[in-house]
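Engineer:
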Amino acid sequence: MEMREGGAVVGAAVAARNVQGTNDYSLQQQPGGGGGGGGFIDQNHMLFTNNNGEFALQFKQQSDEISYFLHSQGDQLRRTLADKRQRHYRALLGAAEEAVSRRMREKEAEVEKAARRNAELEARAGQLSAEAQAWQAKARAQGVQAATLQAQLQQAMVGPGPANGSGVLQEGSGVGCGGDAEDAESAYVDPVSDRRVTSPSCKMCRTRVATVVLLPCRHLCVCKECDDVVQACPLCLSLRSASVEVYLT
1 MEMREGGAVV
11 GAAVAARNVQ
21 GTNDYSLQQQ
31 PGGGGGGGGF
41 IDQNHMLFTN
51 NNGEFALQFK
61 QQSDEISYFL
71 HSQGDQLRRT
81 LADKRQRHYR
91 ALLGAAEEAV
101 SRRMREKEAE
111 VEKAARRNAE
121 LEARAGQLSA
131 EAQAWQAKAR
141 AQGVQAATLQ
151 AQLQQAMVGP
161 GPANGSGVLQ
171 EGSGVGCGGD
181 AEDAESAYVD
191 PVSDRRVTSP
201 SCKMCRTRVA
211 TVVLLPCRHL
221 CVCKECDDVV
231 QACPLCLSLR
241 SASVEVYLT
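Each residue of the sequence shown is one higher than the one before, counting from 1 in UniProt numbering.
1) Among Cys-236, Ala-96 and His-219, which has the Cα closest to the Cα of Gln-152?
2) Pair every Cβ in the stretch 235 to 246 with every Cβ in the stretch 199 to 212, then say whether three or more of these pairs are closer than 8 Å.
3) Identify, in the order they occur along the chain, each residue of the same chain with its Cβ nearer than 8 Å to the Cβ of Val-230, setting aside the five sequence neighbours on each side.
4) Return the CA-CA distance between Thr-207 and Ser-201, expressed in angstroms with no decimal places.
5) Expressed to the nearest angstrom, what Euclidean distance is found between the alpha-carbon atoms of Phe-69 and Lys-60?
6) Straight-line CA distance for Ala-115 to Arg-90?
7) Identify whether Cys-226 lies in helix, strand or coil by the three-state DSSP scheme.
8) So, for Val-111: in the same chain, excluding its five sequence neighbours on each side, which residues have a beta-carbon less than 7 Å away from its beta-carbon?
9) Going by the DSSP bridge assignment, what does His-219 pair with across the sheet?
10) What is the DSSP secondary structure of Val-246, reduced to helix, strand or coil?
11) If you drop the 5 nearest sequence neighbours on each side, which residues of the same chain put their C-beta closer than 7 Å to that of Cys-226?
12) Could you check the C-alpha separation between Gln-76 and Ala-99 for me, to the nearest Å?
13) Please report the distance separating the alpha-carbon of Gln-142 from that of Glu-122.
14) What separation, rounded to the nearest whole angstrom, lies between the Cα atoms of Val-19 and Arg-78?
15) Helix, strand or coil for Ser-201? Go by DSSP, reduced to three states.
16) If you draw a straight line from the C-alpha of Lys-224 to the C-alpha of Arg-124, how long is it?
17) Cα separation between Val-144 and Lys-138?
18) Should Leu-235 go down as buried or exposed, given a rule of 16 or more other Cβ atoms within 10 Å for buried?
19) With DSSP as the reference, identify every bridge partner of Ala-232, one or two as the case may be.
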């Protein structure tokens, strides 16, 4: 827009000067008082020559001014475009840096979250491993205890009877402590050997066979049905903490 306005100004100046030169030439062509025709032609030729020289000088000057104006306007336009490009590039770089920075912060937050989760999982795994080891140790201890009880029961079932040869098994001695003599209703006759063998009876209901060993006293003194309700050993009256069911053959 500035270049167009400058060109219009320069064109108007050139047109004004041309009109002024033409008017001067027209005034100089008007005949003077009573002169001859040859002098008038010479005078017109001289004026035309002078006007041509002046017009050429003015045209060159105006061309130089226009060239300088266009050159200066082109330089200013190039500088303006260069500044705009620089601002645009800086804006793009700023936006890219902001996006990268935001992405990096998000990744750092994800890494921190993953690290915390990993630490929690490692702690949980350590806790579970310790619990598993404790349960394994407890299971081994209970296995040893169960094997000991089974061995004692087998020894009590197949061991020799009292000195009188009646074959009656003392219940308390078979499971590690003294007790009462076996009830008479628990005795039966083996049809193969025709020998009287005693099975331990439940000390609670006294009708069913005792198949449950109470812990920690290790007395074989209750049946499976009474084991659900008994709170203490009926023989030694110690509080029970657990029980183990055995199968007598």
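In this text, a Cβ means the ideal position worked out from N, Cα and C, and glycines have one as well.
Structural biologist: Reading off the structure:
1) As a position in the sequence shown, residue 152 is number 152, starting the count at 1. With distances taken between Cα atoms, Gln-152 lies closest to His-219.
2) yes
3) Position 230 of the sequence shown, counted from the start, is the residue given in the question as residue 230. Answer for Val-230: Met-204, Leu-214, Val-222 and Arg-240, listed in chain order.
4) Translated into the one-based positions of the sequence shown, residue 207 becomes position 207. Translated into the one-based positions of the sequence shown, residue 201 becomes position 201. Going from the Cα of Thr-207 to the Cα of Ser-201 covers about 7 Å.
5) Locating residue 69 in the sequence shown gives position 69, where the first residue counts as 1. Locating residue 60 in the sequence shown gives position 60, where the first residue counts as 1. About 14 Å.
6) As a position in the sequence shown, residue 115 is number 115, starting the count at 1. As a position in the sequence shown, residue 90 is number 90, starting the count at 1. So the two alpha carbons sit approximately 37 Å from each other.
7) Walking along the sequence shown from the start, residue 226 turns up at place 226. Helix.
8) Here residue 111 refers to the residue found at position 111 of the sequence shown. Around Val-111, the same chain offers no residue with a beta carbon nearer than 7 Å, after the five sequence neighbours per side are excluded.
9) Along the sequence shown, one-based indexing puts residue 219 at 219. His-219 is bridged to Leu-214.
10) As a working mapping, residue 246 is identified with position 246 in the sequence shown. Looking at Val-246 - three-state DSSP - the assignment turns out to be coil, as it is neither helix nor strand.
11) Numbered from 1 along the sequence shown, position 226 holds the residue referred to as residue 226. Answer for Cys-226: Cys-202, Met-204 and Cys-205, listed in chain order.
12) As a working note, residue 76 is residue 76 in the sequence shown. As a working note, residue 99 is residue 99 in the sequence shown. Rounded to the nearest angstrom, the two C-alpha atoms are 35 Å apart.
13) Here the question's residue 142 lines up with position 142 in the sequence shown. Here the question's residue 122 lines up with position 122 in the sequence shown. Computed Cα separation, rounded: 30 Å.
14) Working through the sequence shown from its first residue, we reach residue 19 at position 19. Working through the sequence shown from its first residue, we reach residue 78 at position 78. With a pLDDT of only 45 at Val-19, under 50, the local geometry of the prediction cannot be trusted, and the value read off the model is given with reservation. Approximately 37 Å between the Cα atoms of the pair.
15) Here residue 201 refers to the residue found at position 201 of the sequence shown. Residue state, collapsed to three classes: strand.
16) Walking along the sequence shown from the start, residue 224 turns up at place 224. Walking along the sequence shown from the start, residue 124 turns up at place 124. Between the alpha carbons of Lys-224 and Arg-124 lies a gap of roughly 39 Å.
17) By one-based count along the sequence shown, residue 144 stands at place 144. By one-based count along the sequence shown, residue 138 stands at place 138. In a straight line, the C-alpha of Val-144 is about 10 Å away from that of Lys-138.
18) Within the sequence shown, the letter at position 235 stands for residue 235. Here Leu-235 is buried. Its C-beta has 16 or more other C-beta atoms within 10 Å.
19) For the purposes of this step, residue 232 is taken as residue 232 along the sequence shown, with counting starting at 1. Answer is Leu-239, bridged to Ala-232.
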